[in-house]
Amino acid sequence: MTRPIRAFISRPALEHNLGVARRHAGDARVWAVVKANAYGHGLLRVAPAFGPADGFALLDLEDAARLRDTGHEKPILLLEGFFGYDDLLLVAHYRLTPAIHSLWQVELLEAADLPMAIPVFVKLNTGMNRLGFPPEQFAQAIGRLKRCRAVSGITLMTHFADADGKRGVAGQLALFRGAAGGFNFPVSVANSAALLRYPETACDWVRPGIMLYGCSPFPDVTAETLGLKPAMTLGSEIIAVQDLHTGDEVGYGGTFRAGQPMRIGVVACGYADGYPRHAPSGTPVLVAGKRTATVGRVSMDLLTIDLSAHGDFGVGTPVTLWGNGLAADEVSRHAGTVSYEMLCALAQRVPVVET
Ligand SMILES: *Cc1c(COP(=O)(O)O)cnc(C)c1O
Numbered sequence: 005m006t007r008p009i010r011a012f013i014s015r016p017a018l019e020h021n022l023g024v025a026r027r028h029a030g031d032a033r034v035w036a037v038v039k040a041n042a043y044g045h046g047l048l049r050v051a052p053a054f055g056p057a058d059g060f061a062l063l064d065l066e067d068a069a070r071l072r073d074t075g076h077e078k079p080i081l082l083l084e085g086f087f088g089y090d091d092l093l094l095v096a097h098y099r100l101t102p103a104i105h106s107l108w109q110v111e112l113l114e115a116a117d118l119p120m121a122i123p124v125f126v127k128l129n130t131g132m133n134r135l136g137f138p139p140e141q142f143a144q145a146i147g148r149l150k151r152c153r154a155v156s157g158i159t160l161m162t163h164f165a166d167a168d169g170k171r172g173v174a175g176q177l178a179l180f181r182g183a184a185g186g187f188n189f190p191v192s193v194a195n196s197a198a199l200l201r202y203p204e205t206a207c208d209w210v211r212p213g214i215m216l217y218g219c220s221p222f223p224d225v226t227a228e229t230l231g232l233k234p235a236m237t238l239g240s241e242i243i244a245v246q247d248l249h250t251g252d253e254v255g256y257g258g259t260f261r262a263g264q265p266m267r268i269g270v271v272a273c274g275y276a277d278g279y280p281r282h283a284p285s286g287t288p289v290l291v292a293g294k295r296t297a298t299v300g301r302v303s304m305d306l307l308t309i310d311l312s313a314h315g316d317f318g319v320g321t322p323v324t325l326w327g328n329g330l331a332a333d334e335v336s337r338h339a340g341t342v343s344y345e346m347l348c349a350l351a352q353r354v355p356v357v358e359t
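Numbering follows this note's numbering, with no gaps: position 281 of the sequence shown is 285.
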């Protein structure tokens, strides 16, 4: 017997969600965003399911090399570009497409003697103020890259700060069009939220991430409404039951106190598995498919759930922490975070089952 926690990764769901992205993208090409170990799902595990995408987008050179070494031939976009000159030689070797966001990267490209020229995505900062050239430097950067022997092709990109929120994309899109409109280069601007809500942002290349894993980028729209299916289901089992008397407390700090006699189940799942420690009492879980809620603090290896209304459930009853039947978005909302963080946090120690 092993500890009963498992992460079930559904290939049909991954394929389905890519299909949804593809339909929204229209004629645009689709980067499947697989950064952060494919949002916790496992890079090499999801790569075959995302085979029909037009390319992969991620951060680490090592991950890009892993994709190449396992036979993936399509374009690979490095969302943060390269981090130094040594990287640049590998970028060329592996035929990768770096995002270029700063002048120091342009200078390295100009100084580079590469075995072959590489395509680049040039990033404009339209208000996120993270990565990207300020609008007044954009034309100069593009001009230099156009003349650069190391560069074989240019696509223009930006990233939205609030495509999932109230302000939307209008302001940033106008800025982008103002700075990029004079050039005749392909364009890539849309993340999941923009792709789903603003079809005009699809342009030439889209960059969906979270939607491919079956979660909603929007706080106010469920993944189900968007036609998405959860790719990851985190499941475990009840491994002990406690009958509480009125006034008994549960877990570290005694943050939960039974107001009446209660029956609680102890589940083999804790924050060291990736379940958010900040999930308060009342966070939903499924026990044998029926909804109940956590009680008390989440500890490293265990959490506790209310079984008072489920007298027939006991040791060995399956529990779903998120995924099929319980949206990760709903759990993350209770925990004061987003599904992105929860999926990425899935711990190495959790065995994965591909379904
Ligand atoms: C992560 C990322 C995406 C994907 O964002 P989602 O919200 O997961 O769709 C797209 N573009 C860039 C630059 C990113 O860093």
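Heads up, the beta-carbon is just placed ideally off N, CA and C, and yes, glycines get one too.
Since we're looking at a predicted model, the values are computed, not measured.
**OP:** From the DSSP output, in three-state form, read off Leu330 for me.
**Re:** The answer is strand: DSSP assigns Leu330 an E or B state.
Original post:
By Cβ distance below 7 Å, which residues in the same chain neighbour Ala183 in space, the five residues on each side in sequence not counted?
Top reply: The beta carbon of Ala183 is closer than 7 Å to those of Leu128, Pro139, Phe142 in its chain, skipping five residues each way along the sequence.
**OP:** Taking only heavy atoms of ligand 1 into account, decide whether any of them is closer than 6 Å to the Cβ of Asn195.
**Re:** With a cut-off of 6 Å, the C-beta of Asn195 is classified as near ligand 1, since at least one heavy atom of the ligand falls inside that distance.
**OP:** Would you kindly work out how many angstroms separate the C-alpha atoms of Ala115 and Leu82, rounded to a whole number?
**Re:** Leu82 has its alpha-carbon roughly 20 Å from the corresponding atom of Ala115.
Original post:
According to the neighbour-count rule (16 or more other Cβ atoms, all chains shown, within 10 Å of its Cβ), is Leu107 buried or exposed?
Top reply: Result: exposed.
Original post:
Under 7 Å between the Cβ atoms of Leu178 and Ala194?
Top reply: Sequence inspection shows Ala at residue 178; the Leu mentioned does not correspond to that position. No, Cβ-Cβ distance for Ala178 and Ala194 is not below 7 Å.
Subject >> Complete alpha helix (DSSP H) runs within the region 188-233 (minimum length 4 residues, chain order) >> reply: Contiguous alpha helix (DSSP H) elements confined to the region 188-233 occur at 196-201, taking only those with 4 or more residues.
Subject >> Sequence-distant residues of its chain with Cβ nearer than 6 Å to Lys39 (five each side left out) >> reply: Leu62, Leu63, listed in sequence order.
**OP:** Have a look at Asp58 and Asp305 and give me their C-alpha separation to the nearest angstrom.
**Re:** When the Cα atoms are used, Asp58 and Asp305 turn out to be separated by approximately 40 Å.
**OP:** Would you tell me roughly how many angstroms separate the C-alpha atoms of His76 and Asp67, rounded to the nearest one?
**Re:** Looking at the backbone, the Cα of His76 and that of Asp67 are separated by about 12 Å.
Subject >> Euclidean distance between Cα positions of Asp316 and Thr250 >> reply: Asp316 and Thr250: Cα-Cα distance of roughly 21 Å.
**OP:** Please name the residue in Phe180, Tyr202, Ala332 whose C-alpha comes closest to that of Lys170.
**Re:** Per the Cα distances, Tyr202.
Original post:
Among the residues of its own chain, which have a CB less than 7 Å from the CB of Val124, if the five just before and after it don't count?
Top reply: Excluding sequence positions up to five before and after Val124, its CB lies within less than 7 Å of the CB of Thr101, Pro102, Ile104, Leu149, Val155, Ile158, all in the same chain and listed in chain order.
Original post:
Ile146 lies in the alpha helix (DSSP H); which residues open and close that run?
Top reply: Per DSSP, Ile146 belongs to the alpha helix (DSSP H) from 139-151.
Original post:
In whole angstroms, what separates the C-alpha of Leu350 from that of Asn188?
Top reply: For the pair Leu350 and Asn188, the Cα-to-Cα distance works out to about 42 Å.
Original post:
Is Gln246 helix, strand or coil by DSSP?
Top reply: If DSSP states are grouped into helix, strand and coil, Gln246 belongs with the strands.
Original post:
Quick one, are the C-beta atoms of Asn328 and Thr237 less than 7 Å apart?
Top reply: For the 7 Å CB-CB criterion, Asn328 and Thr237 form a contact.
**OP:** Report yes if the C-beta of Leu83 is less than 6 Å from at least one heavy atom of ligand 1; otherwise report no.
**Re:** Result yes, Cβ under 6 Å from ligand 1.
Original post:
Is the beta carbon of Ala292 less than 7 Å from the beta carbon of Asp310?
Top reply: With a cutoff of 7 Å on beta-carbon distance, Ala292 and Asp310 are scored as not near each other.
Subject >> Extent of the continuous beta strand (DSSP E) to which Ala36 belongs >> reply: Note, Ala36: beta strand (DSSP E), 33-37.
Subject >> Nonlocal neighbours in the same chain, by C-beta distance under 7 Å from Thr287, ignoring five residues either side >> reply: Once the five neighbours on either side are set aside, the close Cβ partners of Thr287 are Ala297, Thr298, Val335, His338, Ala339.
Subject >> Spatial distance of Ser303 from Trp35 (CA atoms) >> reply: Computed Cα separation, rounded: 38 Å.
**OP:** Return helix, strand or coil for Glu84, following the three-state DSSP convention.
**Re:** Reduced to three states, the DSSP call for Glu84 is coil.
Subject >> Backbone secondary structure at Asp166 - three-state DSSP >> reply: In the structure shown, Asp166 adopts coil according to DSSP, grouped into three states.
Original post:
Measuring from the CB of Arg27, is there a heavy atom of ligand 1 at a distance below 6 Å?
Top reply: Judged by the Cβ position, Arg27 fails to qualify as a neighbour of ligand 1 at the 6 Å threshold, every heavy atom of the ligand being at least this far.
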